[in-house]
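Trainee: Sharing a structure here in structure tokens format.
Numbering (this note's numbering), first residue to last: 23 to 477.
Here's what the structure looks like:
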């Protein structure tokens with residue numbers, strides 16, 4: 023029974039990693055009292071069964087995830103629950119015996135854990151790199167659940183150095199930020215390893231099915247199979263048709279219904295090029311897929327890749343957490359830069375939240391955002407600014423960042439997209455989507471802020 027309890031805990035924490043241990047235990051006990059005997063039973067859980075322990079949105083997230091998992095399993099021959107439980111235990115066996123290689127860590131980490139202090143962001147990132155490398159010796163693409171087990175060990179051993187804190191209080195289980203950084207690092211290392219993203223599971227009947235690639239940190243279709251009835255050549259014909267449309271109509275053609283249908287239908291070919299080894303340049307991709315660098319199709323590609331609407335996710339996050347973050351820093355400003363931002367008295371919550379987070383993590387504004395003249399063209403921006411290789415969101419207008427500014431997106435030193443809507447959050451959504459769409463790693467200059475917003 024204790025083994026089943028651990029499996030159910032993982033099923034909850036994979037969706038709600040910030041849930042406190044007490045609430046998690048209560049929730050699992052309730053599930054077992056309701057008759058849940060295995061993971062297959064989770065699809066039958068209703069909102070009223072667990073609403074007393076968690077908030078409505080958290081409840082819906084859980085139920086949605088469990089129902090989707092149930093759909094993934096619908097064609098697989100069901101095996102006895104005792105087998106499922108044994109399989110789950112075997113999958114996690116190496117993580118339970120895994121020893122965190124503290125002896126390999128940088129001196130800054132060793133000093134921090136010894137003195138009960140928080141390590142610097144750079145030392146922490148180095149720790150995550152070492153940890154990911156050691157874990158991949160056991161499994162080239164550890165699952166989020168396996169990363170969760172290791173993250174718990176780290177925070178449990180050195181809570182003063184690694185637990186997520188909000189003021190003097192621990193946030194949830196305290197391990198969400200370590201978990202997030204670790205899975206992002208593993209995902210980055212595996213982006214050139216297609217086999218790691220597409221593990222094959224074989225049922226008792228001998229048939230095979232592809233495991234949904236949630237192991238790829240949210241990328242459910244990192245490299246999908248060819249659509250039924252299509253071939254490389256047939257999709258290439260469609261790509262050339264869009265290239266011809268762009269030649270005659272320019273970027274405005276991106277909104278046409280037939281272009282949208284063609285972009286959706288050629289997703290396999292887009293991923294085939296993006297995931298190629300060696301990796302193509304952004305300029306090469308843009309030449310072949312000009313509409314992929316419009317706001318509409320940056321969002322669309324991300325949705326096909328992750329099954330999530332990036333703009334809506336960010337809007338909901340800002341609505342739910344934005345004012346809470348601002349009020350926290352008002353009550354406990356952590357440095358002078360935060361005090362300066364708050365003293366401006368601005369009302370743009372979305373822009374202020376990102377600036378506060380950058381200041382809190384001691385990361386510079388130009389690690390994510392650049393500013394140019396209000397009337398600048400892409401050519402003007404490329405001539406007047408030094409555009410780095412890593413992604414930047416460029417706002418037009420030299421005043422303080424506002425919610426209603428026009429924006430451009432640059433990748434590999436070139437402006438690749440002009441925003442269709444002059445809005446801070448639409449630009450931020452395009453920036454985030456570009457990291458996923460084009461297999462890019464967060465830049466060192468703003469990694470902590472970007473990882474925090476991602477969570």
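Even for Gly, the Cβ is constructed at its ideal location relative to N, Cα and C.
1) Indicate the three-state DSSP secondary structure (helix, strand or coil) for residue 315 in the structure shown.
2) Could you compute how far the alpha carbon of residue 129 sits from the alpha carbon of residue 305?
3) Following the continuous alpha helix (DSSP H) through residue 144, name the residue where it begins and the one where it ends.
4) Please report the straight-line C-alpha distance between residue 369 and residue 340, rounded to a whole angstrom.
5) In whole angstroms, what is the alpha-carbon distance linking residue 279 and residue 267?
6) How would you write the range of the beta strand (DSSP E) that residue 293 sits in, first residue to last?
7) Mind the definition here: the stretch 347-356 touches the stretch 414-428 only if three or more C-beta pairs lie below 8 angstroms; say whether that holds.
8) Give the C-beta separation of residue 183 and residue 148 to the nearest angstrom, bearing in mind that I take them to be a contact with Cβ-Cβ under 8 angstroms.
9) If you count every other CB in all the chains shown that lies within 10 Å of the CB of residue 198, and 16 or more means buried, which is it?
10) For residue 381, collect the residues of the same chain with a Cβ closer than 7 angstroms to its Cβ; drop the 5 residues on either side in sequence, then sort them by chain order.
11) Is residue 224 helix, strand or coil when you go by DSSP?
12) On the criterion of 16 or more Cβ atoms from any shown chain inside 10 Å, does residue 457 qualify as buried, or is it exposed?
13) Closest to residue 90 by CA distance: which of 33, 71, 42 and 210 is it?
14) Pick out whichever of 195, 272 and 151 has its Cα sitting closest to the Cα of residue 45.
15) Assign residue 38 to one of three DSSP states: helix, strand, or coil.
16) Could you check whether residue 172 and residue 126 sit closer than 9 angstroms to each other, using their CB atoms as the reference points?
17) Helix, strand or coil for residue 371? Go by DSSP, reduced to three states.
18) Since residue 141 contacts residue 152 with CB under 8 angstroms, what's their CB separation in whole angstroms?
19) So, do the stretch 420-438 and the stretch 388-400 have three or more beta carbon pairs nearer to each other than 8 angstroms?
20) Leaving out five residues before and five after residue 289 in sequence, what residues of the same chain have Cβ atoms less than 6 angstroms from its Cβ?
21) Tell me which residues share the same chain as residue 56 and place their Cβ nearer than 8 angstroms to its Cβ, disregarding the 5 neighbours each side in the sequence.
22) Put residue 425 into one of helix, strand or coil per three-state DSSP.
Mentor: Judging by the given coordinates:
1) DSSP places residue 315 in helix when its eight states are reduced to three.
2) As the crow flies, the alpha-carbon of residue 129 is around 41 angstroms from that of residue 305.
3) 143-157 is the span of the alpha helix (DSSP H), which, as asked, contains residue 144.
4) Taking the straight line joining both Cα atoms gives about 13 angstroms.
5) Approximately 12 angstroms between the Cα atoms of the pair.
6) According to the DSSP assignment, residue 293 belongs to no beta strand (DSSP E) but to the alpha helix (DSSP H) extending over 289-296.
7) With a cut-off of 8 angstroms on Cβ pairs, the stretch 347-356 is not in contact with the stretch 414-428, counting fewer than three such pairs.
8) The C-beta separation of residue 183 from residue 148 comes to about 14 angstroms, leaving the pair out of contact by the 8 angstroms criterion.
9) Buried, since its Cβ has 16 or more Cβ neighbours within 10 Å.
10) Closer than 7 angstroms at Cβ, skipping near neighbours: 357, 359, 360 and 363.
11) At residue 224 the pLDDT is 34, less than 50, meaning the model places this residue with poor confidence; the figure from the coordinates comes in the next sentence. For residue 224, the secondary structure class from DSSP, reduced to helix, strand or coil, is strand.
12) It is buried - the Cβ of residue 457 has at least 16 other Cβ atoms within 10 Å.
13) When each option's Cα is compared against that of residue 90, the closest is 33.
14) Relative to residue 45, the option among 195, 272 and 151 whose CA is nearest is 195.
15) In the structure shown, residue 38 adopts coil according to DSSP, grouped into three states.
16) Against a cut-off of 9 angstroms, the Cβ pair of residue 172 and residue 126 comes out as no contact.
17) Helix, per DSSP.
18) No, residue 141 and residue 152 are not in contact; Cβ-Cβ is about 13 angstroms, not under 8 angstroms.
19) Of all C-beta pairs linking the stretch 420-438 to the stretch 388-400, three or more are shorter than 8 angstroms, placing the two stretches in contact.
20) Excluding residues within five positions, the ones whose Cβ falls inside 6 angstroms are 326.
21) Here the set comprises 67 and 71.
22) Three-state DSSP puts residue 425 in coil, outside helix and strand.
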